[in-house]
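In my numbering, the protein residues as written are 2 to 538. Beta carbons are placed, not taken as given, at the ideal position from N, Cα and C, and that holds for glycine. Below you'll find the structure, written out as C-alpha cells, and then a few comments.
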Amino acid sequence: MEQQELRELENQCIQEQAPTCTAACPIHVDVRAMMGAIGRGDFTAAAKLLKRTVPFPGIMSRICDHPCQAVCKRQEAGAEISVRALESACLDWAADSRERIQVLPKKEKRVAIVGGGLSGLTAAFDLAKKGYQVTVFEARDLLGGSLWDFSDKELPREIMANDLRVIESVGVEVRTGTTVGDDTAFSTLVQDFDAIYLAPGKEPRNTFALALDEQGRIQTDPVTFATSREGVFAGGSLRQRPTERSPIQSMADGRVAAISIDRYLQKVSLSAVRLNEGSYTTRLYTNTEGVEPLPVMAMEHPEEGYSADEAIREAGRCLQCQCLECVKVCEYLNSFGGYPKKYVREIYNNLSIVMGMRHSNKLINSCSLCGLCREVCPENLHMGLVCRKAREIMVHAGKMPPSVHDFPIRDMLFSNSEKCSLVRHQPGTARSRFLFFPGCQLSASAPRHVRKTYTLLTERLSGGVGLMLGCCGAPADWSGRTELFQSTMGDFRREWEGMGSPELILACSTCYEVFKTHLRPASVLSLWGGHGSARDA
C-alpha cells in the first residue's frame with residue numbers, strides 16, 4: 002500500500018472532519034468540545050477551550066453574530082444550541098484564574114497595525130505572540146474601534162476593558178489618537194516597518210494610495226489579503242461591505258492577515274496550504290434520524306444569562322456531532338474501539354514493519370469482507386477491501402501467519418477434493434440449462450436441504466438442472482491467497498464450461514458475490530427471492 006493510496010483511503014473517512022458549527026465559525030471555535038465540557042459541568046475547561054481560539058472571549062460572547070448557530074444540526078431535531086449564551090455562561094461560571102500567555106522571544110521584524118478595532122487587535126495579538134514587534138495606530142483615544150458603537154447593555158465596558166488588556170500583556174505598543182495620513186504619514190510606516198496591516202475602520206480608503214477594485218475598495222488577494230504594495234495587507238471593514246460586517250468575521254480577517262504577514266516576513270509562500278481558513282463547508286455527516294426533538298432551555302432570568310444548571314442542561318442538548326455510521330452497524334469495526342481512518346493508518350503501519358511484532362494482524366484478519374460498511378458510509382469507504390489487500394500483501398511477503406486462515410483453507414481444499422466434489426447433469430439428460438451450486442457449508446451442514454432443493458428445482462425448471470458440489474474459493478480470496486483463489490476459480494470455470502456454461506443457481510450469498518464478480522459472463526441467480534433469483538426463472 003503506497004503513501005498516496007493511504008492518503009486517499011484516509012480521506013474517505015470523514016469522522017475527523019469538523020462539525021458544522023466549527024466549520025461555519027470563521028475562527029473555528031471548538032464548539033462541540035466546549036458544549037461537552039459545559040454539559041459535564043466543567044465550566045473552567047469550557048472557558049479554556051474558548052480562550053484558546055478567541056483572544057477577546059468576553060467581548061465575543063456578548064456581540065458575536067454566531068454563524069455556528071445557523072448551521073447547528075440540533076435544529077433538525079428541536080432548536081439550535083444557544084452557543085453565544087453558553088459562551089457567556091462558561092466565562093461567568095468558570096473558576097477565576099488567568100492563564101499565562103506564551104510569547105515567543107522577540108524578533109527584529111516590526112509590524113504596524115493601522116486600526117485598533119477587532120480585526121487589527123486580533124492581528125496584533127497573534128503576531129505579538131510570535132515575537133514580532135507590533136505597534137497599533139488608532140485614530141481614537143481608546144482601543145476598540147466600532148466596539149464602542151455597542152451599548153453598555155450589549156457590551157459592558159468593564160468586560161471590554163478587561164479583554165483589551167491582553168494587548169499590553171503580549172507586548173504590543175499602542176499609539177492612540179494617531180491618524181495615519183494626518184498625524185503619521187503612510188510613507189513613514191512603509192519606511193519604518195517591515196509589514197503593515199490596514200484595518201482602520203471608518204478612515205478614508207484613499208489615504209494609502211493603493212490600487213482599488215471596481216467598488217472603490219482597496220484591492221486585496223482573496224486568500225492572503227495582500228494589497229498592490231508588497232508587505233501591505235488589508236482586511237476588516239476595508240474588505241467587508243457595510244451590510245456584511247460581522248464581529249467574528251473581523252476577528253477572522255485579523256487572524257488570516259497575521260498568518261500572511263508571518264509568512265511574508267519568513268519569506269515563504271503566502272498562498273500554500275491555506276485550505277479551510279475562515280468559514281467552509283464540512284464533509285462530516287451526522288445522522289439525526291430518531292433523535293428526540295428538544296426545545297431550547299429557557300432562562301429564568303434572561304437579563305442575567307444562564308444559571309449554571311440551566312447552562313448544563315442547554316449544553317446537554319448538543320448532539321456531539323460525529324459520523325460513525327459504519328461503526329454503529331458493524332460489530333467488527335465497533336469491537337476495535339476506533340473508526341476507519343484510524344484503522345487504515347494502523348493497517349498501513351502494520352504492513353510497514355520490517356522486524357518485530359505486528360500488533361494489527363487481528364484487526365486485518367477479523368473482517369468478513371461483507372461490504373456493509375460501504376453501504377452505510379456517506380463516502381463509500383469499504384474496509385473489507387482494505388483488509389483483503391493487506392492480507393494479500395502480507396501473504397505475498399511471507400508475513401501472514403498460516404495458522405490464521407488454516408482451517409478455512411483446509412476446509413476449502415477438502416470440499417474441492419475427490420472425496421467431496423461432484424458435478425453431473427440431471428439424471429436422464431445430456432445437457433443442463435441450469436446448474437445448482439449449493440456451496441460447501443450448506444452441503445456439509447444440511448445435506449437433506451440440498452436434496453430437497455435440488456428435487457424442487459428439477460420439478461419446477463425445464464431444460465435440465467445440473468448439480469455441482471464444492472467450494473467457490475472464498476476462503477482463499479478472504480485470506481489473501483491470490484494464486485490459490487485464481488487456481489480454484491480456474492478449476493470451477495473448466496467444470497462449468499464443460500457442462501455447457503449453464504445459468505448458475507446459488508444458495509449462498511458469498512458464492513453469489515464471488516461468481517458474479519469473478520465468473521463473467523456467467524448468468525448468476527440466487528435461490529432466494531428478489532431480482533435475479535431462481536424464483537424469477
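Exercise. Measuring from the CB of A259, is there a heavy atom of the ligand HEM at a distance below 7 Å?
Worked result: Summarising the ligand content, the structure contains no ligands, and the ligand HEM is consequently not present.
Problem set entry | Residue span of the alpha helix (DSSP H) that contains I60, given as start and end | Looking at the DSSP string, the run of the alpha helix (DSSP H) that includes I60 is 58-64.
For this session: Within 10 angstroms of the Cβ of G385, are there 16 or more other Cβ atoms? Answer buried if so, exposed if not.
Result: Per the 10 Å Cβ criterion, buried.
Problem set entry | Supposed contact pair T185 and L144 - C-beta distance, whole angstroms, cut 8 Å | Not a contact, Cβ separation roughly 17 Å.
Exercise. Is the Cβ of C14 closer than 8 Å to any Cβ of chain C?
Worked result: The structure shown contains no chain C; it is built from a single protein chain.
For this session: Determine the DSSP secondary structure at A227, reduced to helix, strand or coil.
Result: A227: strand per DSSP, three-state reduction.
Problem set entry | C-alpha distance - S433 paired with G474, whole-angstrom precision | Whole-angstrom Cα-Cα distance: 23 Å.
Problem set entry | Three-state class that DSSP yields for T539 in the structure shown | Outside the shown range of the chain, which is 2 to 538, sits residue 539, and nothing can be said about it.
Exercise. Span of the alpha helix (DSSP H) holding R256?
Worked result: First-last of the alpha helix (DSSP H) with R256: 248-267.
Problem set entry | Cα-Cα separation, S270 to S229 | Here the alpha carbons of S229 and S270 stand approximately 17 Å from one another.
Exercise. A24 to F194, Cα distance in whole Å?
Worked result: A24 and F194: Cα-Cα distance of roughly 34 Å.
Exercise. Got a sec? Which residues, its chain only, sit under 6 Å from S261 by beta carbon, not counting five neighbours each side?
Worked result: Within the same chain, T225, F226, F234, L271 come within 6 Å of S261 by CB-CB distance, once the 5 residues on both sides are set aside.
Exercise. Under 8 Å between the Cβ atoms of I219 and G40?
Worked result: No.
Problem set entry | Sheet register partners of I219 (DSSP bridge) | Its beta-bridge partners are L213.
Exercise. What's the C-alpha gap between Q192 and G117?
Worked result: Rounded to whole angstroms, the gap between the alpha carbons of Q192 and G117 is 21 Å.
Problem set entry | Through-space distance from E514 to H532, alpha-carbon basis | The predicted model places H532 with a pLDDT of 48, which falls under 50 and marks its position as unreliable, so this point remains unresolved.
Exercise. So which of S280, P201, L505 has the shortest CA-CA distance to S527?
Worked result: By alpha-carbon distance to S527, the top candidate from S280, P201, L505 is L505.
Exercise. Since S120 contacts D254 with CB under 8 Å, what's their CB separation in whole angstroms?
Worked result: That pair is a contact at about 5 Å.
Problem set entry | Sequence ranges, beta strand (DSSP E) only - wholly within the segment 127-173, length at least 3 | 134-139, all fully within the segment 127-173.
Problem set entry | Inter-residue spacing [alpha-carbon to alpha-carbon] between T283 and S152 | For T283 and S152, the distance between alpha carbons rounds to 35 Å.
Exercise. Would DSSP call A71 helix, strand or coil?
Worked result: Residue state for A71 is assigned as helix, using DSSP reduced to three classes.
Exercise. Should T21 be labelled buried (16 or more other beta-carbon atoms within 10 Å of its own) or exposed?
Worked result: Residue environment for T21: buried (at least 16 other C-beta atoms within 10 angstroms of its C-beta).
Exercise. Do the segment 472-492 and the segment 405-421 make contact, defined as three or more Cβ pairs closer than 8 Å?
Worked result: Counting Cβ pairs under 8 Å, three or more are found: they touch.
For this session: With DSSP collapsed to three states, give me the class of I102.
Result: In this structure, I102 counts as coil in the three-state DSSP scheme.
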